[in-house]
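**Q** Have a look at this one.
Residue numbers (the numbering used here): 48 to 366.
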């Protein structure tokens, strides 16, 4: 017997389908919330993330020690900035939860309803079908679809990180999201860059968009992918790679990469460019993930990879 959902019973796939769709629908709700985000990997980090959302417009502020990253977005543009980097993307491609893709890639197990503080929540476990890896547990309000707690797991069930809702104001009382001003440059979508990006990557990732950013005055291509619940970015920048501090060497098929912070961050040399992958999903095999991307070639790591790994993992869950 499954978990009782206010007089109904969530059993089998029907209950999982309904809860996943409620989580996706909550993306367009109006609310203010504060979350504590903690990463427990070898490079530990934490931040308080403030989110103000109203019918598709969203402002996210992540504060971890002295580091602060902010994102403001609506249907026409996205702005992201902190002390090291600022950019604006016009006509951003939406990266939203896609229930169909989620249910194709994962077995979603519905647990028994439990209380967390004064709220009754249902735990959902995401288990990757291809290798039966347990990746994530979400504690969901079955009424409005809000995720109050999210836990990410590594090999052998090791807890890698979590986000916990500290407080929330739901509905019209949260008010509209004010326009946030930041001195940033326009980042135009480049059809040529998108044409070069693989339309799919292993682990069921599909291309969402391709952009050209600017880091330290140099152009950087970003290819953004999703599997329906996780985001994954591939960055390409002209230059040569030296071993970065704090990264660990990892062997790919044709070269050596360096694994950085977060569930999945890898940097390597491919041809005349430095490549960086930043992934939310844990337990990815870098050899399989990068098999269709250039590897090897002349062997300077810019700050881009380390910066994106830190900022991306803090705010990606709420973008």
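Cβ coordinates follow ideal geometry from the N, Cα and C atoms, glycine included.
Suppose you measure from the CA of residue 154 to the CA of residue 183; what does that come to, to the nearest Å?
**A** Between residue 154 and residue 183, the C-alpha separation is close to 11 Å.
**Q** Once you ignore the five residues that flank residue 103 on each side, which residues in its own chain have a CB closer than 7 Å to its CB?
**A** Excluding positions up to five away in sequence, the list reads 75, 121, 122.
**Q** Within the chosen definition, does the segment 204–222 reach the segment 243–259 through at least 3 CB pairs nearer than 8 Å?
**A** They do not touch, by the three-pair rule.
**Q** Exposed or buried, what is residue 308 when buried is set at 16 or more other beta-carbons lying within 10 Å of its beta-carbon?
**A** The residue in question, residue 308, is buried, as its Cβ has 16 or more Cβ neighbours within 10 Å.
**Q** Using the beta-carbon count (16 or more within 10 Å), is residue 192 buried or exposed?
**A** Under this definition residue 192 is a buried residue.
**Q** Considering only their Cβ atoms, is the gap separating residue 285 from residue 265 smaller than 8 Å?
**A** Yes, the Cβ-Cβ distance between residue 265 and residue 285 is below 8 Å.
**Q** Could you pull the start and end residues of the beta strand (DSSP E) that residue 171 belongs to?
**A** 166–175 is the extent of the beta strand (DSSP E) around residue 171.
**Q** Determine the contact status of residue 275 and residue 113, defining contact as a CB-CB distance below 8 Å.
**A** Their beta carbons are not under 8 Å apart, which means residue 275 does not touch residue 113 by this criterion.
**Q** My output table needs one value for residue 238: the three-state DSSP class, helix, strand or coil.
**A** Residue confidence for residue 238 is low, a pLDDT of 41 falling below 50, so the modelled location carries little weight and cannot support an answer.
**Q** Using DSSP's beta-bridge definition, name the partner residues of residue 281.
**A** Answer is 270, 324.
**Q** Could you give the distance in angstroms between the alpha-carbon of residue 195 and the alpha-carbon of residue 82?
**A** Their backbone Cα atoms lie some 9 Å apart in a straight line.
**Q** Whole angstroms is fine: what's the gap from residue 258's alpha carbon to residue 280's?
**A** Roughly 11 Å separates the two Cα atoms.
**Q** Could you compute how far the alpha carbon of residue 187 sits from the alpha carbon of residue 171?
**A** If I take the Cα positions, the gap works out to 7 Å.
**Q** What distance in whole Å lies between the Cβ atoms of residue 278 and residue 142, which are believed to be in contact at a cut-off of 8 Å?
**A** Yes, they are in contact, since the Cβ atoms of residue 142 and residue 278 sit about 6 Å apart, within 8 Å.
**Q** Report the option in 67, 78, 96, 62 whose CA atom is closest to the CA atom of residue 218.
**A** Nearest option by C-alpha distance: 78.
**Q** Where does residue 333 fall in DSSP's three states?
**A** Residue 333: helix per DSSP, three-state reduction.
**Q** Residue 291 and residue 314 - do their beta-carbons sit closer together than 8 Å?
**A** Yes, Cβ-Cβ distance for residue 314 and residue 291 is below 8 Å.
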